[in-house]
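From first to last, the protein sequence lines are chains A and B. Using my numbering, the first residue of the first sequence is number 112, and each one after it goes up by one. Using my numbering, the first residue of the second sequence is number 424, and each one after it goes up by one. Cβ atoms here follow ideal geometry from the backbone N, Cα and C, with glycine treated the same way. In what follows, a single structure is set out as structure tokens and then discussed.
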Amino acid sequence: MSEQTESTASATHQASSDPERLRTLAMKYSTLVVLILMFAGFALFVDRFMTVFNLTNILQQISILTIVGCGLTFGFAAREIDLSVGYTVGLAGILVPLLLVGGTPLPLALCAGLAAGLVVGLCNALLVTRVGIPSLIATLATGSILFGANFLLTGGRAIYGGLPDTFLHLGQGRLLGLPMLAWFMAGTVVVSWFVMERTVFGRYVYAVGGNRKAAELSGVRIVLYRTAALTLVSVFAVIAGTLLAARLGSGQPNAGERYLLDGLATVFIGMTMFRPGTATILGTLCGALFIGVINNGLNLIGLDTYVQNIVKGVIILVAVAVVSRSTRLNLL
Amino acid sequence: MHGSPETAAPVVPPAVVAAANGADVELRAITMDFPGHRALDAVSAGFRFDEVHGLIGENGAGKSTFVNVLGGSLVPSGGEVRVAGRAVTLRSPRDAWAHGIAHVSQEGSLVPGFTGAANVLLGDEPVLFGALLRPAALLERANVLLNHWFPEVDIPLDRPVETLSVADQKVLEIVRALRGDVRLLILDEPTATLQRREKAQLWQIIRSLPGRGVGVVLISHFLSEIKALSQRITVLRDGVQVGTVAADDVSETQLVDLMLRRDAGDGERATPIRTASRAFGTTVLEATDWRTGAVRVPHFALRRGEIVGLIGLTGAGHFEFARSLYTREGDTTGRIDIDGETIGAPGIRTLQRRGVAFVPDRRMENALFADGSVTANLAMVHPEFATRGLGVVLRRGQEKREVARIVDQLGIRISGHEQSVSHLSGGNKQKVSLGKWLYGAGERYRVLILIEPTEGVDIGAKQEIYAHVRRLAARGAGVLIVSSDLLEIEQLTDRVVPFVNGRDAAPIAHDEYSEANFIAAIAGEAP
Chain A
112 MSEQTESTAS ATHQASSDPE RLRTLAMKYS TLVVLILMFA GFALFVDRFM
162 TVFNLTNILQ QISILTIVGC GLTFGFAARE IDLSVGYTVG LAGILVPLLL
212 VGGTPLPLAL CAGLAAGLVV GLCNALLVTR VGIPSLIATL ATGSILFGAN
262 FLLTGGRAIY GGLPDTFLHL GQGRLLGLPM LAWFMAGTVV VSWFVMERTV
312 FGRYVYAVGG NRKAAELSGV RIVLYRTAAL TLVSVFAVIA GTLLAARLGS
362 GQPNAGERYL LDGLATVFIG MTMFRPGTAT ILGTLCGALF IGVINNGLNL
412 IGLDTYVQNI VKGVIILVAV AVVSRSTRLN LL
Chain B
424 MHGSPETAAP VVPPAVVAAA NGADVELRAI TMDFPGHRAL DAVSAGFRFD
474 EVHGLIGENG AGKSTFVNVL GGSLVPSGGE VRVAGRAVTL RSPRDAWAHG
524 IAHVSQEGSL VPGFTGAANV LLGDEPVLFG ALLRPAALLE RANVLLNHWF
574 PEVDIPLDRP VETLSVADQK VLEIVRALRG DVRLLILDEP TATLQRREKA
624 QLWQIIRSLP GRGVGVVLIS HFLSEIKALS QRITVLRDGV QVGTVAADDV
674 SETQLVDLML RRDAGDGERA TPIRTASRAF GTTVLEATDW RTGAVRVPHF
724 ALRRGEIVGL IGLTGAGHFE FARSLYTREG DTTGRIDIDG ETIGAPGIRT
774 LQRRGVAFVP DRRMENALFA DGSVTANLAM VHPEFATRGL GVVLRRGQEK
824 REVARIVDQL GIRISGHEQS VSHLSGGNKQ KVSLGKWLYG AGERYRVLIL
874 IEPTEGVDIG AKQEIYAHVR RLAARGAGVL IVSSDLLEIE QLTDRVVPFV
924 NGRDAAPIAH DEYSEANFIA AIAGEAP
């Protein structure tokens, strides 16, 4: 069977090299073209879109999303999905403020948030690699657990007041004219890109995701890299959650939920670009821009959030349909 | 052969009987093209409703494709199917069924959790008002059907099928296939998963069918079974029909010969055959009391500089043995020594650290990741070779040079280092699969295990791969090759260990090499 699909691939390549190349080229850059067209469209037809204020706003809005997306990219690269990511964002978003309000010093509270991410990620990874539950199902369940835990922690109420200024500065301040959040996003993207594209670790993660059997027979410690990838998803999520709380100036038990769908959307959109079918950091960054520009533009036009949800759902479907047509996208 | 005196009794190809004399169902000049390769080339066979017709050939010979055409699962690119003298088009298994042809596939098609009765009558349940199931009637009708066909067997049809024995499950699949007016039944490896004792019952059933007006097309890897059950046998090799023979006229050795013997002069003969009896070094790999699944090998040794080939029919255990040496998967037990040192906790990573490399078969499944680039695939085993900073950060320049070195050394034809491997030809893919163990490896690998090293590889690339394997051996590595290509074995190896029924047989030394000897050994004839 594999031999058959293999010869199919090589045959179509040899038979129609030029149209084939054109098709991959179109595939690689069509999303980018759509993004630019969309941007241009909003810029031309929506008055307040092309202002410094609004563009800074978009940057700020996508920062946290990009950080979540980068984490998910590690997971997807290893062919693992994390459906608990939104509630992990939420967990950090209430745990850190809760500790700060209780008088814990800032560095300690931040470390506690990171530790929580590590624990959640390791639990997810343990369920997937040791117990053998597919990540799609394991993280659906842990997500539900986190959802409940978040509400138990806060009694369902938001945590207001008494947050130190240094903490709020992380989410609301500016540095060199740009929002702090944008710097965090830039840092995350650069570091993640470097790790995925320029280190042995990244090589192994992609190999494990690309063909687990081949990686195993090549002597790659697949359990280690699957664990690491899933753990990184949660660690990035708690970083995002902490920044989210700083930006909102409060701990909201349900503030993280939307990052599940939006985060997955960024990765799926990103998978249509650069190396089609593969989650890449730069692809995810473009995916986040895509989502950010759409959300912002539709907001300015005055469409309400329900319509935005519908639009996002359609975009995810289109992206996944495009990806699965050209490659073997199977996450289960 | 090749002008050398025959060292075994000459194998006389049996007379090919005229196929399709008074055939009830006839396949004429069936050709099946898949993109990039031809699975069947003008194969013809006639089947009758009063006989068991065996179909044999090695993996990839085209047996499954052939019966899939007969069973309506594949529409052929050329040729025609005739039922009772009339040309018909079978577009689906349903079409075939309407023409009295049913196909029982190898994998099993029962629904677990359903009872035997529900499975037997799946899609034809007795219902009330077109919707309500009638459990009692279901059981009764299933029992009637079972008794009608096979009164001698007793299977509790009210039990979930997964609680039944594998043999009973097979019987239920057959009964289900026989529903309606079926005259020709295709059985694909029906006994493959059965214990010896269970086979008897199924043999009985298969034998009884022609007497009741149902012809059988039987695929099996067990030649003794094929010979015992069939009246006629059609042999396929590489998608081409070798012939149809009367079962009584041939020996098992002759069948193996028909399955494996290559016609001389297909361009590959021209290369020089490996010179024998070079001096070999010390033993580099030694396996003792090896057991994996049903395979037992008391002792196996491989010396430095030596290329050893394992041969056998599918299921003889040579693949399983070689693979388990490296992976030690499942229930494998036994001692393994590398350079005289017993390996404490053998496993993929331990063996790899001790210098054992493994190039698996089915490369797209086991060796490469299709979406990855040539670089990412080549650097899968030793990415740390091209790094700085504690072996963590990749050095792109060094990586590029090492990839270029491997690409050059193996003659891999690519358009760029970042090209994805999925678009390479079979030969180039296989070279990448081998190159993984050369990239950044230096001289560290002293044992090389290769499974089907030139599966789906063109002749030119084959010779380049052979040349490289010889180079590795000359450098002092021990090489173990498992291949179903006897010509490859003959050209490349210094010694051959045949496998028969899960056991290693007496080795064949290089000066006894001949295709006839190989075939006799594979068929289990003592030398």
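With DSSP collapsed to three states, give me the class of Ile-244(A).
-> Coil at Ile-244(A), not helix or strand.
Does Arg-772(B) get closer than 8 Å to chain A when you measure Cβ to Cβ?
-> yes
Coil, strand or helix - Gln-94(A) by DSSP | In the structure displayed, chain A extends from 112 to 443; residue 94(A) sits before or after that span and is not available.
If you run the structure through DSSP and keep just helix, strand and coil, what is Ala-348(A)?
-> helix
What three-state label does DSSP hand Glu-327(A) in the structure shown?
-> helix
Mind listing, in chain order, the continuous alpha helix (DSSP H) runs of no fewer than 4 residues lying wholly within the region 137 to 161 of chain A?
-> none
Roughly how many whole angstroms lie between the Cα atoms of Ile-427(A) and Asp-373(A)?
-> 9 Å
Short CB-CB distance (under 8 Å) between Asn-165(A) and chain B | no
Identify every residue that forms a DSSP beta bridge with Asp-611(B).
-> Ile-642(B)
Who are Ala-669(B)'s beta bridge partners in DSSP?
-> Arg-655(B)
Measuring alpha carbon to alpha carbon, tell me which of Gly-398(A), Arg-159(A) and Gly-288(A) ends up nearest Thr-142(A).
-> Distance from the Cα of Thr-142(A) is smallest, within the candidate group Gly-398(A), Arg-159(A) and Gly-288(A), for Gly-398(A).
Start and end residues, beta strand (DSSP E) containing Gly-502(B) | Secondary structure note for Gly-502(B): its beta strand (DSSP E) is the uninterrupted segment 501 to 506.
Residue-level contact to chain A via CB, Gly-690(B), 8 Å cutoff | Only weak support is given to the placement of Gly-690(B): the predicted model assigns it a pLDDT of 46, under 50, and the question is left unresolved by the model.
Just grab the DSSP bridge partners of Val-207(A) for me.
-> Val-207(A) has no beta-bridge partner at all, per DSSP.
Output yes or no for whether 8 Å exceeds the beta carbon distance between Ser-345(A) and Thr-199(A).
-> yes
Could you tell me whether the region 526 to 536 of chain B touches the region 463 to 478 of chain B, using the rule of 3 or more Cβ pairs below 8 Å?
-> Touching, no, given that fewer than three Cβ pairs across the two stretches are closer than 8 Å.
Would you tell me roughly how many angstroms separate the C-alpha atoms of Pro-921(B) and Phe-781(B), rounded to the nearest one?
-> About 20 Å.
Assign Gly-690(B) to one of three DSSP states: helix, strand, or coil.
-> Confidence at Gly-690(B) is low in this model, with a pLDDT of 46, below 50, so its placement is unreliable and no value can be given for it.
Between the region 806 to 817 of chain B and chain A, which residues of the former have CB atoms less than 7 Å from a CB of the latter, in chain order?
-> Taking 7 Å as the cut-off between beta carbons, the residues of the region 806 to 817 of chain B near chain A are Pro-806, Glu-807, Thr-810, Gly-814, Val-815, Val-816 and Leu-817, in sequence order.
Beta-carbon of Ala-189(A) versus every beta-carbon of chain B: anything under 8 Å?
-> Judged by the 8 Å Cβ criterion, Ala-189(A) is not in contact with chain B.
What residues are listed by DSSP as bridge partners for Gly-469(B)?
-> Glu-449(B)
If you run the structure through DSSP and keep just helix, strand and coil, what is Pro-695(B)?
-> With a pLDDT of only 47 at Pro-695(B), under 50, the local geometry of the prediction cannot be trusted, and the value read off the model is given with reservation. Three-state DSSP puts Pro-695(B) in coil, outside helix and strand.
Asp-518(B) (DSSP reduced to helix, strand or coil) | helix
Cα-Cα, which of Thr-338(A), Gln-363(A), Val-300(A) and Asn-365(A) is closest to Gly-180(A)?
-> Answer by Cα proximity: Val-300(A).
Please go through the same chain and pick out, in chain order, the residues whose beta-carbon is closer than 6 Å to the beta-carbon of Val-605(B), but skip the five residues on each side of it.
-> Gly-523 and Ala-525
Are the CB atoms of Phe-742(B) and Val-543(B) nearer to each other than 8 Å?
-> no
Can you check whether the CB of Ile-270(A) is closer than 8 Å to the CB of Pro-208(A)?
-> Inclusion of Pro-208(A) and Ile-270(A) in the CB contact set at 8 Å is warranted, their separation being smaller than that value.
Does any residue of chain B bring its CB to less than 8 Å from the CB of Thr-142(A)?
-> no
Alpha carbon to alpha carbon, how far is Val-425(A) from Leu-400(A)?
-> 17 Å
Answer yes or no: does any C-beta atom of chain B fall closer than 8 Å to that of Phe-309(A)?
-> Note on identity: in this sequence residue 309(A) is Arg, with Phe being the wrong assignment. For Arg-309(A), the answer is yes, since a Cβ of chain B falls inside 8 Å of its Cβ.
Select from Asn-482(B), Arg-758(B), Ala-465(B) and Gly-508(B) the residue whose C-alpha is nearest the C-alpha of Pro-499(B).
-> Ala-465(B)
In the region 324 to 338 of chain A, which residues sit with their C-beta less than 9 Å from some C-beta in chain B, listed in chain order?
-> Lys-324, Ala-325, Ala-326, Glu-327, Leu-328, Ser-329, Gly-330, Val-331 and Arg-332
With DSSP run on the structure shown, which of helix, strand or coil describes Gly-947(B)?
-> coil
Status (buried if at least 16 other CB within 10 Å, exposed otherwise) for Thr-667(B) | buried
Nearest-angstrom Cα separation, counted from Thr-488(B) out to Asp-881(B) | Those two C-alpha atoms are separated by around 22 Å.
Quick one: which residues of the region 378 to 403 of chain A get their C-beta closer than 9 Å to a C-beta of chain B? List them in chain order.
-> Listed in sequence order: Arg-386, Pro-387, Gly-388 and Thr-389.
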